[in-house]
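Encoded as structure tokens, the structure appears first; notes follow it.
2 protein chains.
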Amino acid sequence: MKKEYLLTPGPTPLPPQVSLAMAKPIIHHRTPQFQEILKEASRGLKWAFQTANDVFIISSSGTGAMEAAVINLLSCGDTALVVQGGKFGERWTEIAKAYGICPEIINVEWGKAVSPAEISKRLKSNPQIKAVFTTLCETSTGVDNDIQAIAAVVKESSAVLVVDAISGLGAVDLKTDAWGVDVVVAGSQKGFMLPPGLGFICLSSRAWKLVEASKSGRYYLDLRKAKKALDKNDTPFTSSITLIIALNEALKIMQQDGLENIFQRHRIMADATRAAMQALGLELFAPLAASDGVTAAKVPVGIDGEKLVKTMRDTYGVTIAGGQGELKGKVFRIAHMGFITESDIIMGLSCLEKVLTKMGYKFTLGAGIRAAEEVFLK
Amino acid sequence: MKKEYLLTPGPTPLPPQVSLAMAKPIIHHRTPQFQEILKEASRGLKWAFQTANDVFIISSSGTGAMEAAVINLLSCGDTALVVQGGKFGERWTEIAKAYGICPEIINVEWGKAVSPAEISKRLKSNPQIKAVFTTLCETSTGVDNDIQAIAAVVKESSAVLVVDAISGLGAVDLKTDAWGVDVVVAGSQKGFMLPPGLGFICLSSRAWKLVEASKSGRYYLDLRKAKKALDKNDTPFTSSITLIIALNEALKIMQQDGLENIFQRHRIMADATRAAMQALGLELFAPLAASDGVTAAKVPVGIDGEKLVKTMRDTYGVTIAGGQGELKGKVFRIAHMGFITESDIIMGLSCLEKVLTKMGYKFTLGAGIRAAEEVFLK
């Protein structure tokens with residue numbers, strides 16, 4: 305007998321009613337029945353994105369939606385400011401370069417948040433910058449950037465602000481319209497408690513002006529087509545029917561919960577996880593900008609980080625994430641995002657304690673759990 | 305009580321074991337468990353595509369995979385020969401134009417198959433043509449093109465042959481390697497008996513030379529990235545985990561059945577459907593090149609084609625397809641593709657007979673069913 309537990313920053317576990325919705329007989333996408341579901345899901349997405357603008361659903365991973373943002377806003381030769389403080393910041397740069405867009409890069413030390421003042425400085429010194437690309441939760445380092453403060457400085461320029469919120473949306477607050485964020489990109493397999501396979505994107509009217517001016521070649525990811533279709537309550541190409549039906553179920557659960565409750569639950573689970581790391585004598589990788597969606601901790605000296613993750617998974621069925629890119633083997637990451645509760649966190653922390661003990665790391669057994677419980681009882 | 309029946313050319317119904325596979329708890333994509341599934345699915349896809357080359361899985365609708373073919377093979381300014389005999393042939397042209405590729409168009413009368421001799425003539429008169437884009441089953445008109453004959457003439461030129469087999473693969477024969485087809489594109493929601501959301505593409509070594517030479521901007525659909533990932537038994541971006549698990553289940557069913565049995569089943573169901581149309585006095589839209597995946601019939605004079613489709617769906621729960629584009633209201637289409645049996649065809653034909661009768665069309669009640677039964681009993 306083996307039971308599996310998922311504490312990874314995408315995919316995140318699925319609520320059973322979402323899983324079961326996908327097992328229902330498939331329906332055709334050009335029917336009133338599916339149109340009703342698409343309409344409801346679109347309404348729910350606006351709520352989750354905290355925007356009055358349309359949120360488009362793309363059949364793609366989150367990266368497809370990121371690319372849609374880049375090529376619909378900019379053309380070859382344009383300049384973009386890219387915040388690069390981890391693997392997903394780097395992705396903005398890679399996409400821009402693939403299309404001949406010139407990225408001006410702000411290299412942020414991994415584990416730190418970008419300074420809004422630095423963004424402001426760069427925008428002032430280079431008026432060519434048409435768009436600023438940044439990340440809500442840099443999953444690779446466990447950092448949440450201060451999007452509200454970034455939006456405030458970008459608003460002083462003529463550039464649009466694009467936020468990769470693939471990791472983070474539906475877990476931490478992002479007031480798209482109220483803060484003046486122009487473009488928000490998200491994906492299905494994190495805060496939305498769905499399998500991967502859907503990308504989401506919303507755009508302000510300021511961003512739409514760029515979409516209409518962009519000369520980039522585009523077809524599948526052409527947002528003008530997406531808009532034309534959505535105006536008729538449709539998608540430009542065959543919808544990922546099953547995933548959209550599941551999305552609608554997940555959005556219902558989220559709406560019953562309410563955004564404030566969702567954000568608070570994530571904050572408390574993050575606080576508890578961070579407190580546990582400290583109680584275990586483990587160093588947070590991003591102590592000053594720690595994400596409420598995922599906690600990254602440094603692997604202690606003398607411990608094999610990859611083996612730690614592998615043992616938790618293969619011996620105990622608890623899947624957490626290791627480090628990516630330059631952090632491979634150096635950090636481990638526990639996600640507290642989506643369909644995750646206090647009890648799941650306790651379970652994951654206990655497994656960590658057991659495996660660390662077996663690997664020879666010294667600490668007071670139970671100290672992590674106790675610290676987490678203290679946070680939960682507050 | 306209402307029971308739904310789906311006889312549409314995508315999505316097609318799902319076998320229950322495929323549906324239930326999607327309801328299982330989600331697993332992480334960077335685990336040995338998922339890698340085993342991906343490896344098995346990749347092997348199964350090669351079998352279904354009848355190729356020794358890799359088949360790449362893209363998280364997108366079929367159109368995304370079509371776009372991958374265009375932009376990975378060609379650059380702005382290149383010339384492509386496009387066979388355009390329906391809505392999906394037109395899609396090749398639209399994608400090419402979106403990227404500044406010059407389409408030389410063979411306009412085929414809707415309802416007819418392209419003449420391989422015409423393709424040969426065009427290739428000889430324009431040696432600039434780098435690629436020929438055609439369609440296996442033109443779902444919009446119910447036509448199957450003769451890919452084997454097309455491949456034979458394209459092989460005499462330096463151009464590569466690209467076949468949109470989104471509709472048709474897994475239903476009608478396409479011997480990719482044996483016939484010398486360079487690129488085959490498919491999708492999940494037709495012969496593969498899955499929900500929409502996955503695109504597939506395989507390429508010959510000749511086609512790979514073009515991929516390496518293409519100057520088109522590309523990132524999400526960059527097949528060089530897909531190849532690099534697949535060589536490590538991975539996908540370049542987060543996999544559509546649930547759909548790939550379902551794919552693996554569907555491929556197991558298909559492999560137990562065997563390709564010859566699958567093609568024969570589709571051929572017999574198509575023959576029966578065509579015989580029924582004739583027995584009902586209905587004219588086939590594509591009598592000379594009728595597809596074994598979907599039958600298109602002309603709506604008889606005096607009958608409202610859209611109302612016919614709507615009544616079958618809303619009164620009897622039987623969803624067939626109407627006409628697309630210029631054929632809207634003029635044809636109806638019954639798919640016999642994927643998880644469909646003789647009994648489903650009888651059920652659909654009976655519903656058609658009832659609704660045609662109610663709408664005032666004159667014929668011998670039961671004649672269609674009888675003609676179909678005669679084919680099935682042969």
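Here the protein sequences come in this chain order: A and B.
Taking our numbering, the leading residue of the first sequence gets 305, the next gets one more, and so forth.
Taking our numbering, the leading residue of the second sequence gets 305, the next gets one more, and so forth.
C-beta atoms are modelled at their ideal positions from N, C-alpha and C, and glycine is treated no differently.
(message) Just to confirm my understanding: we take Ile673 of chain A, look at its own chain, exclude 5 residues before and 5 after, and list those with CB closer than 8 Å. What are they?
(response) Ala580, Ile650, Leu653, Ser654 and Glu657
(request) Tell me where the beta strand (DSSP E) around Ser363 of chain A begins and ends. (result) Looking at the DSSP string, the run of the beta strand (DSSP E) that includes Ser363 of chain A is Val359 to Ser363.
(request) Assign Glu564 of chain A to buried or exposed, taking buried as 16 or more other Cβ atoms, counted over all protein chains shown, within 10 Å of its Cβ. (result) exposed
(message) Please list, in chain order, the chain A residues whose beta carbon lies closer than 7 Å to that of His332 of chain B.
(response) Contacts between His332 of chain B and chain A, judged by CB atoms closer than 7 Å, involve Leu310, Thr312, Pro315 and Thr623 in chain order.
(request) Using the Cα positions of Pro591 of chain B and Met558 of chain B, report the straight-line distance between them to the nearest angstrom. (result) Approximately 29 Å between the Cα atoms of the pair.
(request) Return the chain-ordered list of same chain residues with a C-beta closer than 7 Å to the C-beta of Trp351 of chain A, the five sequence neighbours on each side being excluded. (result) Gln559
(message) Quick check: what's the CA-CA separation for Phe541 of chain A versus Thr367 of chain B?
(response) Rounded to the nearest angstrom, the two C-alpha atoms are 7 Å apart.
(request) Could you work out which residue in A:Glu516, A:Ser520 and A:Leu547 is closest to Lys532 of chain A when comparing CA atoms only? (result) A:Glu516
(message) Could you pull the DSSP bridge partners for Glu442 of chain B from this structure?
(response) Residue pairing by DSSP puts Glu442 of chain B in a beta bridge opposite B:Val447.
(message) Can you pull the chain A neighbours of Ile545 of chain B, defined as C-beta to C-beta under 7 Å?
(response) Pro315, Pro499 and Pro500
(message) For Tyr309 of chain B, list the residues DSSP reports as bridge partners.
(response) B:Val622
(request) Please classify Glu371 of chain A: is it buried, with 16 or more other beta-carbons within 10 angstroms of its beta-carbon, or exposed? (result) buried
(message) Against chain B, does Thr542 of chain A count as a neighbour if the rule is that its beta carbon must be under 7 Å from one of theirs?
(response) yes
(message) Given this structure, state the Cα-to-Cα distance separating Lys611 of chain B from Thr312 of chain A, to the nearest angstrom.
(response) 50 Å
(request) Return the CA-CA distance between Val359 of chain A and Asp448 of chain A, expressed in angstroms with no decimal places. (result) 23 Å
(message) Which same chain residues end up closer than 6 Å to Met326 of chain B when comparing Cβ atoms and leaving out the 5 residues on each side of it in sequence?
(response) Thr546 and Ala550
(message) Output needed in chain order: residues of the region 459 to 479 of chain B with a Cβ under 8 Å from some Cβ in chain A.
(response) Those residues of the region 459 to 479 of chain B that come within reach of chain A (Cβ to Cβ, closer than 8 Å) do not exist; the list is empty.
(request) Taking all protein chains shown into account, decide if Asn376 of chain B is buried (16 or more other Cβ within 10 angstroms of its Cβ) or exposed. (result) buried
(request) List the endpoints of the continuous beta strand (DSSP E) containing Leu527 of chain B. (result) Premise fails: Leu527 of chain B lies in the alpha helix (DSSP H), Leu527 to Asp535, not in any beta strand (DSSP E).
(request) Using the Cα positions of Ile362 of chain A and Gly314 of chain B, report the straight-line distance between them to the nearest angstrom. (result) 18 Å
(request) Examine the ligand FAD and report whether any of its heavy atoms sits within less than 6 Å of the Cβ of His570 of chain A. (result) Annotation note on the ligand FAD: not contained in the displayed structure, which lists no ligands.
(request) Anything in chain A within Cβ reach of Gln493 of chain B, meaning under 7 Å, just list it in chain order. (result) Chain-ordered, the chain A residues with CB closer than 7 Å to the CB of Gln493 of chain B read Thr542.
(message) The alpha helix (DSSP H) that contains Phe567 of chain B, what's its start and end?
(response) In this chain, the alpha helix (DSSP H) harbouring Phe567 of chain B covers Leu563 to Ala583.
(message) Is it buried or exposed, Leu502 of chain B, if we count other Cβ atoms within 10 angstroms and call 16 or more buried?
(response) By the 10 Å Cβ count, Leu502 of chain B comes out buried.
(message) To the nearest angstrom, how far is the alpha carbon of Thr539 of chain B from that of Ala530 of chain B?
(response) C-alpha separation (whole angstroms): 6 Å.
(message) For Ile548 of chain A, tell me which candidate among A:Glu344, A:Lys459 and A:Lys306 has the shortest Cα-Cα distance.
(response) The option with the nearest alpha carbon to Ile548 of chain A is A:Glu344.
(message) Let's see if you can read the secondary structure: which residues bound the beta strand (DSSP E) around Lys602 of chain A?
(response) Val598 to Lys602
(message) Taking CB distances under 7 Å as the criterion, tell me whether Leu612 of chain A reaches chain B.
(response) no
(request) Identify, in the order they occur along the chain, each residue of the same chain with its Cβ nearer than 8 Å to the Cβ of Val679 of chain A, setting aside the five sequence neighbours on each side. (result) Ile572, Asp575, Ala576 and Ala579
(request) Apply the 10 Å Cβ neighbour rule to Ser462 of chain A and answer buried if 16 or more other Cβ atoms are within range, or exposed otherwise. (result) exposed
(request) State the start and end residues of the unbroken beta strand (DSSP E) segment that holds Gln388 of chain B. (result) Segment Thr383 to Gln388, the beta strand (DSSP E) holding Gln388 of chain B.
(message) Between Gly368 of chain B and chain A, is the shortest Cβ-Cβ distance under 7 Å, so that the two count as touching?
(response) yes
(request) Return the bridge partner residues of Gly491 of chain A from the DSSP annotation. (result) A:Gly503
(message) Quick check on Phe680 of chain B: does DSSP put it in helix, strand or coil?
(response) helix
(message) With a threshold of 7 Å between beta-carbons, can Ala327 of chain B be considered close to chain A, or not?
(response) Closer than 7 Å to some Cβ of chain A, the Cβ of Ala327 of chain B qualifies, so yes.
(message) Against chain A, does Ser654 of chain B count as a neighbour if the rule is that its beta carbon must be under 7 Å from one of theirs?
(response) No - not a single Cβ of chain A is within 7 Å of the one on Ser654 of chain B.
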